[in-house]
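Student: Handing you this structure, nothing more for now.
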Amino acid sequence: DEVICRLDDSIIEKKFRRDKIDKLLTEAVQNDGFEMVYQPIYSTEQGRFRSAEALVRMKNTGDLGFISPEEFIPIAEEKGLIMDIGDITLRRTLTDKLEYIEVNLSGIQACAPELEGRLTKILAEYDIPPAFINLEITETAALDSGEAFDTNVSALRESGFSFSMDDFGTGYSNLSQMNQMRYDLVKMDKSIIWDAFGKGNETSERLLASVIRLLKAINVKIVAEGVETKEMTDYLTERGVDYLQGYYFSKPVNEDKFLEVISA
Ligand code: C2E
Ligand code: CA
Ligand code: CA
Numbered sequence: 306d307e308v309i310c311r312l313d314d315s316i317i318e319k320k321f322r323r324d325k326i327d328k329l330l331t332e333a334v335q336n337d338g339f340e341m342v343y344q345p346i347y348s349t350e351q352g353r354f355r356s357a358e359a360l361v362r363m364k365n366t367g368d369l370g371f372i373s374p375e376e377f378i379p380i381a382e383e384k385g386l387i388m389d390i391g392d393i394t395l396r397r398t399l400t401d402k403l404e405y406i407e408v409n410l411s412g413i414q415a416c417a418p419e420l421e422g423r424l425t426k427i428l429a430e431y432d433i434p435p436a437f438i439n440l441e442i443t444e445t446a447a448l449d450s451g452e453a454f455d456t457n458v459s460a461l462r463e464s465g466f467s468f469s470m471d472d473f474g475t476g477y478s479n480l481s482q483m484n485q486m487r488y489d490l491v492k493m494d495k496s497i498i499w500d501a502f503g504k505g506n507e508t509s510e511r512l513l514a515s516v517i518r519l520l521k522a523i524n525v526k527i528v529a530e531g532v533e534t535k536e537m538t539d540y541l542t543e544r545g546v547d548y549l550q551g552y553y554f555s556k557p558v559n560e561d562k563f564l565e566v567i568s569a
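The sequence shown begins at 306 in the working numbering and counts up one residue at a time.
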């Protein structure tokens, strides 16, 4: 009985938190309540930062403390706010003085028939060519979606956008799908990297080495995420991983700090 009670409490608490986040998101959409941080991406070949990933943050989180986009993006999707948030965050990103940027698309955005129109309209407003933007789509979003997604990808490619497969290794890693999509980049999920550097995990290390070989064999550029140590950096560089992203190089930072980091 006590167990049932406790379960109920935690469900109610979760619902309460979701409702609060929902309210904060609705306010944020109306009152410029989002900001972007940027995490530099290092080119192992050029030995310098080549690009960056734009990551969204909520300015006001009420009494909830830090709320990760991992938590609020799914709520925004469910509440029908994601398309507006996508527009707002893209506008903010374009206002910042960057050269080239990786932008995340959620599953719902990736399948929305109006996606191409919305993106190209905003870029035109800022007079920025689509080649400036690389769109990141998670492996699971790409696999779950059907024709609407394929249509979007073709149209966006036609307009000059490029694509990364995000979180590679967490879904089903369907290689034939990957082949059809012709991704410009594949981002290996941080879990594959971290597992391989965990204690005594020889199988995970061999898995990582094989994944790298496999991706190189089909000629896609590879990004490793979650690179936290020199050991990881050296290992991945030696095996020919093209780009590295992670706390070892820099945490996601605001525009000013970002410009400082890349010019250092
Ligand atoms: P993601 O696309 O896989 O982004 C990478 C996440 O890993 C970021 O978390 C980043 O801060 C974190 N990270 C990078 N390097 C390291 C590292 O070395 N160590 C550790 N511990 N973490 C590292 P963040 O910013 O909390 O974003 C979480 C997820 O939320 C993103 O995962 C992405 O799926 C989603 N997201 C973030 N911004 C946006 C956005 O503007 N639009 C959409 N649709 N989704 C977004
Ligand atoms: Ca991403
Ligand atoms: Ca990821």
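Ideal placement from N, C-alpha and C gives every residue a C-beta, glycine not left out.
Check whether the Cβ atoms of PHE354 and ILE567 sit closer than 7 Å, and answer yes or no.
Tutor: In the sequence shown, the residue the question calls residue 354 occupies position 49. In the sequence shown, the residue the question calls residue 567 occupies position 262. Cβ atoms of PHE354 and ILE567: closer than 7 Å.
Student: Between the stretch 431-441 and the stretch 449-456, do three or more beta carbon pairs fall short of 8 Å?
Tutor: Not touching, per the Cβ criterion.
Student: With distances taken Cα to Cα, identify the nearest neighbour of VAL491 among GLN351, ARG518, VAL558.
Tutor: For the purposes of this step, residue 491 is taken as the residue at position 186 of the sequence shown. Ranking the options by Cα distance to VAL491, first place goes to ARG518.
Student: Pick out whichever of LEU420, ILE316, ASN409 has its Cα sitting closest to the Cα of ASN457.
Tutor: Indexing the sequence shown from 1 puts residue 457 at position 152. Cα-wise, what sits closest to ASN457 is LEU420.
Student: Does at least one heavy atom of ligand 2 sit under 6 Å from the Cβ of ASP471?
Tutor: Stepping through the sequence shown from its first residue, residue 471 is reached at position 166. It does: the Cβ of ASP471 is within 6 Å (strictly closer) of some heavy atom of ligand 2.
Student: Where does ASP472 sit, in a helix, a strand or coil, going by DSSP?
Tutor: Taking the first residue of the sequence shown as position 1, residue 472 is located at position 167. Reduced to three states, the DSSP call for ASP472 is strand.
Student: Does LEU386 come out as helix, strand or coil in the three-state DSSP assignment?
Tutor: Mapped onto the sequence shown, residue 386 falls at position 81. Residue state, collapsed to three classes: coil.
Student: Out of ALA429, ALA460, PHE473, GLU565, which one is the CA nearest neighbour of LEU448?
Tutor: Here residue 448 is taken as the residue at index 143 of the sequence shown, counted from 1. Minimum Cα distance to LEU448 is reached at PHE473.
Student: Could you tell me the distance, in whole angstroms, from the CA atom of ASN336 to the CA atom of PHE371?
Tutor: Position 31 of the sequence shown, counting from 1, holds the residue named residue 336. Position 66 of the sequence shown, counting from 1, holds the residue named residue 371. Going from the Cα of ASN336 to the Cα of PHE371 covers about 19 Å.
Student: How many whole angstroms separate the CB atoms of TYR343 and ALA359, which I take to be in contact at a CB cut-off of 8 Å?
Tutor: Position 38 of the sequence shown, counted from the start, is the residue given in the question as residue 343. Position 54 of the sequence shown, counted from the start, is the residue given in the question as residue 359. Right, their Cβ atoms sit about 6 Å apart.
Student: Hey, out of LEU395, ALA501, LYS526, whose CA is closest to ILE346's CA?
Tutor: Numbered from 1 along the sequence shown, position 41 holds the residue referred to as residue 346. Looking at the Cα atoms, LYS526 is the closest of the given residues.
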